[in-house]
Structure formats: structure tokens, C-alpha cells
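Following the working numbering, the numbering of the sequence shown begins with 256 at its first residue and continues without gaps.
Using N, Cα and C, we set each Cβ at its ideal position, and we do this for glycine too.
Worksheet: the structure to be examined is printed underneath.
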Amino acid sequence: MQIKHWQCHRRLKKRCLPRVESSPSVALVSNVRWATDATYLDALGWAVYVNAVLDCADRECMGLNVSQRNDAREAAWALEDALIRRFGALPQGDADVTLRTDNALVYASALYRDLAKSYGLRQEFILPHTPEQNGVAESFMGTLKLECVWQHRFETYDEAKAAITAWVKHYNESRPHSRLGYLPPAEWRLRQAELSA
């Protein structure tokens with residue numbers, strides 16, 4: 256083989272991602288388990304990507320980034336938005352929250368994983384081809400499309416961003432959620448805080 260310059264390429268060992276067993280993304284109290292996902296929308300030829308971070312207990316969409324790119328930096332902005340909204344500032348390695356993601360390259364990137372780790376988040380990946388393991392985020396994206404995106408015909412990226420941002424505010428503050436006893440996420444979280452005090 257050496258005489259004919261043939262080479263045998265060795266496969267590199269894939270790094271293992273911390274996988275979830277078959278458990279659903281459920282939490283009983285806020286700030287224990289978060290879920291994140293991204294989706295692509297088309298606004299008359301304009302690419303629109305939505306990254307969202309949700310709390311699995313109170314279902315609030317805490318982090319949102321609507322952009323024209325889908326990369327690790329954009330997803331990180333949604334994560335940082337969620338951290339600031341929940342903790343008032345970016346934590347210094349002490350967030351102590353489990354972050355569930357799918358297996359998209361954005362979430363498996365070194366930039367995103369290192370950032371999550373630096374804030375004290377334990378990142379876990381769902382098993383391939385099992386979106387139900389990230390049901391909170393998947394359900395949110397479906398509801399976003401059903402109640403907001405498919406109800407409009409966006410002419411520009413800015414129109415899409417404004418409508419999505421307004422809908423998320425409505426979702427968090429006004430829209431009743433069946434899982435929360437038909438209370439909006441913000442109201443449910445306030446009631447839980449009062450009960451625990």
C-alpha cells in the first residue's frame with residue numbers, strides 16, 4: 256500500500272454529547288429545567304430564524320432572538336436574554352439550571368456549549384429523532400406558527416420580527432395555558448412565588 260501511495264483514513268472518534276434518557280422536559284418549579292429550540296420562517300423571500308428559551312415549569316418564553324441568521328451566536332443571544340430576564344444579570348457560573356436542546360449544530364457547537372457551561376447551565380441533548388423529549392420548546396414553536404406566523408403575510412423581516420416579539424409578549428402575559436390551569440405563564444409564576452413564600 257505504501258508503494259502505491261494508498262492510504263487508509265482512520266475515523267475520528269466522535270465526541271459524546273450528554274444525552275437524555277427517555278424523560279420528558281417537565282419541571283415542577285421555575286428555574287430548574289429550561290428548553291430551547293429554533294425554527295425557520297419565510298417572509299416573502301426573507302429568511303427569519305427564531306430562537307427561543309422557555310422554562311419547562313411556567314412555560315414562559317424568557318429568551319427570544321429573531322434574526323436573519325441561525326448560528327451559535329444568535330442562539331447564545333436568546334440564552335443570555337433568558338438569563339438576564341430571570342436572574343437580573345448574567346450569572347457567573349452559578350445558574351444551576353438544566354438546559355435541554357435538540358441535536359442541532361448550533362447547540363452542539365463549542366461556542367454555545369462553552370457559554371452555557373460558563374453560566375453554570377447543565378446542557379443535555381435529546382436522543383436523535385425524538386422531538387417529544389423537547390416537547391415544551393417544540394409545542395411553543397408550533398403555537399407560535401399557528402397563532403402568529405400563519406396569520407400574517409410578512410412583507411419584510413422587520414414586520415416579522417415586530418409581530419413575533421409582540422406575540423411572545425402576549426403569550427407570556429395574557430394567553431391562558433392549559434398546563435398551567437388556564438393561567439398565563441407570568442401569572443402562574445407569580446402565584447407559585449406567593450405560595451412558596
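Beta-carbon spacing of residue i, residue j below 8 Å
i    : j    : result
A293 : V305 : yes
V321 : K416 : yes
W289 : V352 : yes
S364 : A421 : no
A333 : T291 : yes
N389 : D369 : no
Residue i in three-state terms, based on DSSP
i    : result
A359 : coil
Q447 : helix
N286 : coil
E410 : coil
T291 : strand
H384 : coil
A298 : strand
G436 : coil
Local Cβ density within 10 Å of residue i, reported as buried at 16 or more and exposed below that
i    : result
E449 : exposed
E379 : buried
D313 : buried
A330 : buried
R355 : buried
E428 : exposed
Closer than 7 Å: residue i CB and nearest the ligand MN heavy atom
i    : result
T294 : As presented, the structure is devoid of all ligands, the ligand MN included, so that no description of it is given.
The beta strand (DSSP E) enclosing residue i, as first and last residue numbers
i    : result
R377 : L376 to F380
G318 : C316 to S322
N-terminal and C-terminal residue of the alpha helix (DSSP H) that residue i is part of
i    : result
A331 : A327 to F342
L366 : A365 to S373
Rounded C-alpha distance that separates residue i from residue j
i    : j    : result
V303 : A452 : 42 Å
R408 : A418 : 11 Å
M317 : W261 : 55 Å
N325 : V361 : 8 Å
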